[in-house]
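Please read the structure below before turning to the comments.
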Amino acid sequence: MGPKIKYDLSTAKIIRIFMIVFVSIFVLSLLLTFYLDSYKLSEVPVGLTVIDAFFLYVSAPLSLLFISLFVESSVYIGRLRNNGFKVPYKKSEYGNMLGNVPRGGEAVTNRYVRDSLIAASVSFTAFAVSVVFDILLYNKWNKFGIEGMIIPVIFLIILQCILFIIPAGVFLNQRDTFRYVDNVDIGGSKKARTCITSAIPFIVIMSLISAFAIVQVNSMTRYIYMSREGGHEKTYDDLIAGATMTVTSASLNGGVWDSSITDTPEGSNLNPQLHFEPVEGASYYLIYMVDMNGMVDMNGNYIVHWYATSVTQTDIAEGSGIGSYRGPYNYEDGQSAHAYTVFVFAMKDDPDSDYQITVGERGYAPESLYYYHLNVSDRDTPVYGNVLAYGYVSGTYMAQ
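Take any residue in the sequence shown, count from 1 to its spot, add 15: that is its number in the numbering used here.
Have a look at this one:
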């Protein structure tokens, strides 16, 4: 009796109609989305946007599904004709069995045995491409010092063996013409081999699963990397604990800043004297002074008193005028004294950031400036380590 009839003319016609409908809906939804985005209409009804998004995201996968079914049914019907079968309009007319369908001409079997080799080759190729991405993933994060990357990479390779190597072995096994025939052949007790139009969509789905797994491992590793090197859950105490430069100031006596550095009646508004040792590889130094006890806004920003970039000397005289400076000034917040901390960052290069700082106004907390801006040399990856070293000196001053 042979295998069952997979597609008839009636089914193929229905598939073609559904394909045209869903592809049309997808194209129209895409055009509507482009129109709404391009013209930036100010009064677009919310309902219209929701309906457009619904049809767009629903019609896209359904369009792909019915395009795949259309290709498969067209190839199947074409192969039936090539093998001399009369293509039924309704497969129920012949009991749904291919052996009952009239056939003219010489019967040729295994005309499409090459499908198995093609499918196996594509599956092996997909595996090889996936492994290349695994190696690139390993090299990328290993370069950034993420230990233990070999474990998730091994997991990915095992998963990809299941997704690609096992199916490739099945496809190769179906080349055996003594046990398998084409799905448009009458082979008695022989099994029907997988048609290329069924194998390719299967491999595409397996490739999407593999790609999703690679993306997830990359995202997980990126999160670990950013948690360790970036600002995720980092605090001011973490910043202080990582300081390796020794910064001293002659303007600081007994832990108290001299009045000369203040913007008060008794002061001269002179920037403090600083000294620190050179850092190998630093192209310049950045100075940042904040009032650690001043009024902090809802974003955690502090009052900035000194900001200087492109500093090249390591001995800075009091009142040298480097950068923008405004010393501590009178305040009325009920506190007896404020702590003013000066940070010095040894910069390898300019950070990949567009941050802005204005002296005398609220600016970034020191830890935010360091973790999210100064230490980032490439925001896309991201790549950290733009600050080679940093240190600080801190003292108090009580306004009169």
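C-beta: ideal position from N, C-alpha, C; glycine also.
| task | Would you please state the rounded distance, in angstroms, between the beta carbons of T250 and Y412? I believe it to be under 8 Å. | result | T250 to Y412, Cβ: 24 Å. No contact.
| Backbone secondary structure at V374 - three-state DSSP | coil
| task | State buried or exposed for M362, treating a residue as buried only when at least 16 other CB atoms are found within 10 Å of its CB. | result | buried
| request: Determine the contact status of S74 and I40, defining contact as a CB-CB distance below 7 Å. | output: yes
| message | Distance check for G114 and S25, CA to CA, integer angstroms please. | response | 19 Å
| Whose C-alpha, out of H290, S78, D23, E108, is nearest the C-alpha of S44? | S78
| said: In the DSSP output, which residue or residues are listed as bridge partners for S339? | reply: Y322
| request: Return the Cβ separation of S409 and T329 in integer angstroms, given the expectation that the two are a contact with Cβ distance under 8 Å. | output: Contact flag wrong, Cβ pair sits at about 19 Å.
| Per-residue DSSP class, three states only, for G93 | helix
| task | Could you check what DSSP says for R118 in three-state terms: helix, strand or coil? | result | strand
| CB-CB length for M241 against V294, believed under 8 Å | Actually they do not touch by this definition, with Cβ atoms about 25 Å apart.
| message | Assuming the contact rule is C-beta atoms closer than 8 Å, S136 and R190 should be a hit. Round their C-beta distance to whole Å, please. | response | Not a contact, Cβ separation roughly 12 Å.
| said: Here's a check: name, in chain order, each residue in its chain whose Cβ is nearer than 6 Å to the Cβ of L403, leaving out the five neighbours to either side. | reply: V294, G296, A297, A361, K363
| Which word fits D200, buried or exposed, when buried means at least 16 other C-beta atoms lie within 10 angstroms of its C-beta? | buried
| said: Among the candidates V391, G269, G342, M307, whose CA atom is the shortest distance from the CA of T429? | reply: It is not possible to answer for residue 429, since the shown part of the chain is limited to 16 through 415.
| message | Tell me which residues share the same chain as Y104 and place their Cβ nearer than 7 Å to its Cβ, disregarding the 5 neighbours each side in the sequence. | response | D23, L24, S25
| said: Closest to D369 by C-alpha separation, out of G375, R394, F358, N345, would be which residue? | reply: R394
| query | My guess is that D149 and I229 are in contact by the Cβ rule of under 8 Å, so how many angstroms apart are they, rounded? | reply | 7 Å
| field | Extent of the continuous alpha helix (DSSP H) run through M241 | value | 211–244
| To the nearest whole angstrom, what separates the beta carbons of Y407 and V262, a pair I think is in contact under 8 Å? | 6 Å
| query | From this set, L301, P397, N308, which residue's C-alpha is nearest I372's C-alpha? | reply | L301
| query | In terms of DSSP beta bridges, what is M260 paired with? | reply | G406
| request: Specify, as a first and last residue, the run of the beta strand (DSSP E) that V391 falls within. | output: 391–393
| Sequence-distant residues of its chain with Cβ nearer than 6 Å to T324 (five each side left out) | L301
| Hey, how far is the Cα of R118 from the Cα of G99? | 5 Å
| task | Give the straight-line distance between the Cα atoms of Y72 and F291, rounded to the nearest whole angstrom. | result | 59 Å
| message | Please identify the residue among L174, I255, A214 whose C-alpha is closest to the C-alpha of I133. | response | A214
| task | Can you tell me which of G309, F37, G93, S225 puts its alpha carbon nearest to the alpha carbon of F422? | result | Residue 422 cannot be examined here, being either before or after the span of the chain that is shown, 16 to 415.
| query | From A226 to S145, what does the alpha carbon distance come to, in whole angstroms? | reply | 8 Å
| Counterpart residues of W156 in DSSP-defined beta bridges | BP columns for W156 are empty, so no partner.
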